[in-house]
Amino acid sequence: MVGCDRLGPVRIVIDYRPALRARTGVGEHIHQVTRELLRNASDEITLFSSSWKDRLPEDISTQLPRARVADRRIPVSALNFTWHRLGWPPVEALAAGEYDIAHSPHPLLLPSRSAAQVVTIHDLHFLSHPERTSAEVRRDYPALVHAHAHRADGIIVVSRFVAGEVQRRLGVPATRISVAANGAPEWSSPPAALNPDGYLLFVGTLEPRKNVSGLLEAYGRLVARLGDAPRLVVAGRANPDAADVLAAMNRSPLAGRVEYRGYVEPDGRESLFKGAQALVLPSLDEGFGIPALEAMAAGVPVIASRRGALPEVVGDAGLMIEPEDPESIVAAMERMIGDAALRATCALRGLERARQFSWAQAARDTRRAYESALVARLHRAPAMARPSNIQTRDAHRR
């Protein structure tokens, strides 16, 4: 079997578009991993950006020093259609360069003339629960993801849970899958002291799988039982189908008790978490659950769903709930509110747990995934098309 003896400087192009808008899970992952990858001075990294509306921040050269930027004004929907359905134009034509790695931070490939193609899959909720996704997604996205997964030279996932889903639902062997878990934030100030007067907090996009409606139902029951229950703060971008959830926040018994803050920018998240008494994540499915990690890094106790990757992330550092059972959510909130010793234990365990996750490690795992993808590309491409930055054992023998 041909293997890598030496991997020299790698030319990498990354689709940076998910980080242009509200930096939720996908955007945060690719931004932070790119920042850490850039610490390897030998690699050449190009950020590809393309949108009429969403532009790169003016300080991108400060945020991500050393990155080369290829910024085009092409409507996202138009480019996605030609890329994902026609496989054209190659990213080399738009990003004005030749590359060894073409990395897409979502399940669909970046078309390339010769680069090893890598995708990151954050979840497969659209396959496990199609009833919770839009008709547009259900129409052909699952078939595209399946096809692209089998064409990819490497697949990165953010949790062992998602790795298992990719194997089961897409039929991809474990040998082609690499795990690069999300990292905990490096907050600028020490972890918060326990805050008995803080609010209950939910952070996440307002979409069906986040189960905000279930949280609101449970919180209404909590208010009925505890007249002095902490207020509930909901932070996250609202999807177009979130109108009913937003309306419920303003109806009795929740009116005046629930505060909706919308999407909170990265530089405002630390104070958001440190003002909380506990984080509540009743998700029906999660590929990872970055807010749980952010809360633990802030010394904030976590109440989380048993579904998806949340048990893998939280471990024994929080209370686990059945998300479709409102009484399970109520009981966990009531217990956390009323037990200072439990909050202290969860906070301490959470801090220890968060230290196990870093963006530096995520970048190292990503870099190893690139190496594996380059080797996989060697086996698929003719010898004359082999990337010049790899010397192989059979080449040494000649």
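Take 0 as the starting number for the sequence shown in numbering that gives the first Met the number 0 and just add one per residue.
Just so it is clear, CB atoms sit at the ideal spot from N, CA and C, and this is done for glycine as well.
Under DSSP, S371 forms no beta bridge with any residue. Here the C-alpha atom of I29 lies approximately 14 angstroms from the C-alpha atom of Y369.
A234 and L245 have their C-alpha atoms spaced approximately 12 angstroms apart. Judged by DSSP secondary structure, V156 falls within the beta strand (DSSP E) whose first and last residues are 153–156. Counting along the chain, the unbroken beta strand (DSSP E) around Q116 starts and ends at 115–120. The count of Cβ pairs closer than 8 angstroms, one atom from the segment 29–41 and one from the segment 49–61, stays below three, leaving the stretches out of contact. If you draw a 10 Å sphere on the C-beta of R268, you find 16 or more other C-beta atoms in it, and that means buried. Scanning its chain for C-beta atoms nearer than 6 angstroms, with the 5 sequence neighbours on each side dropped, one finds around S103 the residues D14, L109, V118, in chain order. Boundaries of the beta strand (DSSP E) around G261: 257–261. For H30, there is no enclosing beta strand (DSSP E); the enclosing alpha helix (DSSP H) has its first and last residue at 24–36. F125 and A330 have their C-alpha atoms spaced approximately 30 angstroms apart. Comparing alpha carbon positions, the residue from P325, R305, A343 closest to Q276 is A343.
Contact between D284 and H121 fails: their C-beta atoms lie close to 11 angstroms from each other, not under 8 angstroms.
The segment 290–307 makes contact with the segment 316–334: 3 or more CB pairs, one atom from each, lie closer than 8 angstroms. Apart from the 5 residues on each side of it in sequence, Y218 sits with its Cβ closer than 6 angstroms to the Cβ of L231 in its chain, given in chain order.
In this structure, V32 lies near A362, with their beta-carbon atoms less than 8 angstroms apart. Here DSSP, grouped into helix, strand and coil, assigns I328 to helix. The beta carbon of T204 is closer than 7 angstroms to those of T23, G235, R236, N238 in its chain, skipping five residues each way along the sequence.
Residue environment analysis places K273 among the buried positions, since at least 16 neighbouring C-beta atoms fall within 10 angstroms of its C-beta. The beta strand (DSSP E) runs of length 3 or more contained entirely in the segment 51–122 are, from start to end of the chain, 67–71, 100–103, 115–120. Minimum Cα-Cα distance from D196 among the listed residues R150, E91, D227, V313 corresponds to D227.
G349 is positioned such that its CB atom lies closer than 8 angstroms to that of G317. Excluding the 5 residues flanking it on each side, M335 has same chain C-beta neighbours closer than 7 angstroms at A277, P300, I302, L318, L341, R342, in chain order.
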